[in-house]
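These protein sequence lines are chains A and B, in that order. Each residue of the first sequence is one higher than the one before, counting from 757 in this note's numbering. Each residue of the second sequence is one higher than the one before, counting from 757 in this note's numbering. All C-beta atoms, glycine included, are put in the ideal place defined by N, C-alpha and C. Values in this document were obtained by computation on a predicted structure and should not be read as measured data. Right, one structure below, let's go through it.
Protein chains: 2
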Amino acid sequence: MMIVDNLQYANWSEKVFRQMREGGVDAVHVTISYHENFRETVLNFEQWNRWFEQYPDLIIKGLWAGDIDRAKDSNRTAIFFGFQNPSPIEDDIGLVEIVHTLGARFMQLTYNNQSLLATGCYEAEDTGITRMGRQVIKEMNRVGLVVDMSHSADRSTIEAAELSERPIAITHANPHAWHPALRNKRHEVLKAVTDAGGMLGVSLYPHHLKDKSDCTLQSFCEMIARAADSYGVHSLGLGSDLCQDQPDSVVEWMRVGRWSKEIDYGEGSASAPGFPPMPTWFKDNRDFGNIAEGLAKTGLSQSEVNGIMGENWYRFYKENFGPM
Amino acid sequence: MMIVDNLQYANWSEKVFRQMREGGVDAVHVTISYHENFRETVLNFEQWNRWFEQYPDLIIKGLWAGDIDRAKDSNRTAIFFGFQNPSPIEDDIGLVEIVHTLGARFMQLTYNNQSLLATGCYEAEDTGITRMGRQVIKEMNRVGLVVDMSHSADRSTIEAAELSERPIAITHANPHAWHPALRNKRHEVLKAVTDAGGMLGVSLYPHHLKDKSDCTLQSFCEMIARAADSYGVHSLGLGSDLCQDQPDSVVEWMRVGRWSKEIDYGEGSASAPGFPPMPTWFKDNRDFGNIAEGLAKTGLSQSEVNGIMGENWYRFYKENFGPM
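As C-alpha cells, this is what we get:
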C-alpha cells in the first residue's frame, strides 16, 4: 500500500524520520512556512537540505510524483514542501516561480487572517480573492504550485476553485457537517473544490475531530466513507496535520506569528492554549495502518482504501506539480 | 559547429537574443550578480524567468549540458547563470545549494577586492583562501557550482585549484605573457588551473587584448594557439566578456558596487572611464564565425577549433554541474 500524508508540521528529528519508515510512509507534504518571509523560508529550505544530507537513508527531497516511486523503491520517505500562508512570496509575484523552483508545491492563499491574496477563515468579512490574488492564482497555475485553501474563508475558497484553471486543494480539514469546527468545511465549499477536480485531505488534528481527542477510529472512518459518497472517493486523501513533538510555543507562533501583540487562541482557548493530545489510535507516523483497517471496515473496497491512503494524492501530484 | 560563450553581461533585449540566433550561439553563461545580495540576485533570476516566458522561441534556461543539445535542436540559445562575486551567498554557506537549485553554475570567489572567501586581483596583499572560503569550495564541489577565479589574485587562484576537488575555471581572461594586463593570468596560475582539469575562457574585453580595441584577429587567434600548446587545447574555450549595449553607468556599478564612495576606475582610467569599443571583428554575437575562421588559419585542426568554440565547455558543463 502507498501511504501519502499531505500535511505534517512535526518538530523534525531522526526519531520522526525513523517512525515514518516504521509506518511505511512513502511521502509527506511538510509545512515549511507559516509567517516566514522569503529569506526566512529559504533558511527553512536550507535546514531541509542539511537533513537530506544527514539522513540519506531515510528521506529524499520530493519534487514530482515520480519521487514517491523512487522513495518507495528505496525504502525512504519523499518530503514535499508547502506554505500555510503566502508570506514567502511577500508582495512579489516573481517569487511564485522562484519558490516552485526551490521545491514548494502547495501554498495556502491565507492563514486565518486577510492576506494580500484572499480572506482567512477567522475574519469577520470575506471579500473573496483580491486583485493580486487573481494574478497569483494564474501564476501558480502556470508553474505548478497548488492553491491550498485549508485556512481560508468560504467565499474566498469557492472563488479560488472557480478562478483556478487547475484543481485546488484543502490539504487538511474535515466536513463541517461531521464536526462544526470553524476550520472544517461546509458542503458547498467542499462541493466547489471537488467538482473542479480538487482534493480534500482529511485531518487528524483533534480540534477538527468529532469529540476531539476522544474521537473514535470508527467515527473518523465513517466520516470519510460519507465524504466519499458526497464528493467522490477519488477526491479524498490524508492530511493529518500531525504536529508531533512540537512545544506549545510553536502553536502560538502558528496562530500569532508577528501580526499581533495580543495572544490569539485560534482553535484553542485560554484554558487550553497548547496542542491537544492526539487520539489513541493515531499518535504518530506508525499508526497509518489503523486508519487503513478502519476504512476497510466501513465497507470501502481495497482499491478505494488504497486511493485514500495515498494513490489519490499520487495522481494529484502527477497532474498538478509541473508547468501547465 | 557548437558555439558556447562562457561569459557575457549584455544589456539584455530581444535584439541581443535575436543576434545570438543569427550568430548560431548555442549557449551563453551570463553574469547575473556583481554586488547583489541574495534577495537582489533572486530579483535577477525573476527577470530572466520573465524573459524565458516572453521569448520562448529564442532562449531557454540552461541547467545541464543536455540543455545545450535541447537548445541546438530547437534553434534556441541556452542561458546559464553565474556570479562574479560571492555576494549572493552573503555569509551563509546554505545559500550555495539554494543558488545552485535556482540555476547558478559558476561563482567567482572574489571580484577584484578581498571577499569573505579569497583575495581579489586588485588587493595589495593576497592571503589566499579564507577559513570560510575552504568550506564554501567544499560545498560548491558537493553541489556542482563551479569555482571561477577570473578576478582573483594569483595565490588565491592557485590555492583554489589545489583545494578544490573538482576542476575550477577562469571564465574570462587571457595569458599575461601576451598582454600584461592586471586581470590577465600569469603562466603559473594558468598552469595550476589547467593541470587540475580546469578551463580558461579567452576574453574579448578590450582591456584584456594586446593593443586593446585595435587588437587584430590574427594576434588574438595566435595567442589562443600558443595557449593550446602550453595548457592543452581541451582546456580552452570562449569567455568573451561581451557587455553589449550597456551604458557606462554599468561599468561603474561593476567596479564600485556599494563598497566605496570614491570612484575606482578598475581597468579604465579617469580619462577613459567607460566601456572601451570592441574590436571591429568582434562586435556582438553575430561575429563568432570570424574567430572560428581565424583559429583555423593558425593551423589548429577543425576538431581543435570545434573544441575551443564550444565543445570543451560542453564537456566541462557535463562533468561539473551535477552533484559529486
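Can a CB atom of chain A be found closer than 9 angstroms to the CB of residue 723(B)?
What is shown of chain B runs 757 to 1080, which leaves residue 723(B) out entirely.
Going by alpha carbons, who is nearest to residue 1080(B) out of 853(B), 782(B), 775(B) and 842(B)?
Closest by alpha carbon: 853(B).
Looking at residue 945(A) and residue 913(A), is the spacing between their C-beta atoms short of 9 angstroms?
Taking 9 angstroms as the Cβ cut-off, residue 913(A) and residue 945(A) qualify as a contacting pair.
Taking 9 angstroms as the CB-CB limit, is residue 859(A) close to chain B?
For residue 859(A), the answer is yes, since a Cβ of chain B falls inside 9 angstroms of its Cβ.
So residue 798(B) packs on residue 764(B), CB below 8 angstroms; how close in whole Å?
With a Cβ gap of about 21 angstroms, residue 798(B) and residue 764(B) do not count as contacting.
Relative to the C-alpha of residue 831(A), which residue among 847(A), 757(A) and 762(A) is closest?
With distances taken between Cα atoms, residue 831(A) lies closest to 757(A).
State the DSSP-derived secondary structure class of residue 1054(A), mapped to helix, strand or coil.
Reduced to three states, the DSSP call for residue 1054(A) is coil.
Using CA atoms only, rank isn't needed, just tell me which of 1016(A), 1034(A) and 1001(A) is closest to residue 869(A).
Per the Cα distances, 1016(A).
Grouping DSSP H, G and I as helix and E and B as strand, with all else coil, what is residue 847(B)?
Correct three-state label for residue 847(B): coil.
Within the same chain, show all residues whose beta-carbon is closer than 6 angstroms to that of residue 858(A), passing over the 5 residues directly before and after it, in chain order.
Excluding sequence neighbours, residue 858(A) sits near 801.
Give the interface partners of residue 798(A) over in chain B, defined as CB-CB distance under 7 angstroms, in chain order.
Ordered by position in chain B, the residues that pass the 7 angstroms Cβ test against residue 798(A) are 854.
Shortest alpha-carbon distance to residue 1069(A) belongs to which of 807(A), 796(A) and 823(A)?
When only C-alpha atoms are compared, the closest one is 823(A).
Looking only at C-alpha atoms, which of 766(A), 771(A), 760(A) and 775(A) sits nearest to residue 1041(A)?
Of 766(A), 771(A), 760(A) and 775(A), the residue nearest in Cα terms is 775(A).
Taking the C-alpha atoms as reference points, what is the distance between residue 924(B) and residue 1073(B)?
If I take the Cα positions, the gap works out to 11 angstroms.
So which residues on chain A does residue 795(B) lean against when the C-beta distance must stay under 8 angstroms?
The answer, in chain order, is 794 and 795.
With DSSP collapsed to three states, give me the class of residue 1031(B).
Note: residue 1031(B) maps to coil in three-state DSSP.
Closer than 9 angstroms between beta carbons: that is the criterion. Which residues of the stretch 801-828 of chain A meet it against chain B?
Taking 9 angstroms as the Cβ-Cβ cut-off against chain B, the residues of the stretch 801-828 of chain A that qualify are 801, 802, 803, 805, 806 and 809.
Using a Cβ-based criterion (distance less than 8 angstroms to any ligand heavy atom), does residue 1023(A) qualify as near the ligand FAD?
The ligand FAD is not among the ligands present in this structure, which contains no ligands whatsoever.
If you follow the alpha helix (DSSP H) that residue 1007(A) is in, where does it begin and where does it stop?
Its alpha helix (DSSP H) spans residues 1004-1012.
Compute the Euclidean distance between the alpha carbons of residue 954(B) and residue 812(A), then round it to the nearest angstrom.
If I take the Cα positions, the gap works out to 30 angstroms.
Around the C-beta of residue 906(B), are 16 or more other C-beta atoms found within 10 angstroms, so that it is buried, or is it exposed?
The residue in question, residue 906(B), is buried, as its Cβ has 16 or more Cβ neighbours within 10 Å.
So which residues on chain B does residue 850(A) lean against when the C-beta distance must stay under 9 angstroms?
The answer, in chain order, is 798, 799, 801, 802, 803, 805 and 806.
What do you get for residue 843(B), buried or exposed, if any count of 16 or more other CB atoms within 10 angstroms of its CB means buried?
Residue 843(B) should be labelled buried.
Looking at residue 1132(B): is its Cβ nearer than 9 angstroms to the Cβ of residue 936(B)?
In this structure chain B extends from 757 to 1080, so residue 1132(B) is not present and cannot be described.
With DSSP collapsed to three states, give me the class of residue 783(A).
Here residue 783(A) sits in strand by DSSP.
So, using beta-carbon positions, are residue 979(A) and residue 1046(A) closer together than 9 angstroms?
No, the pair does not count as a contact, with Cβ atoms beyond the cut-off.
State the start and end residues of the unbroken alpha helix (DSSP H) segment that holds residue 810(A).
794-810 is the extent of the alpha helix (DSSP H) around residue 810(A).
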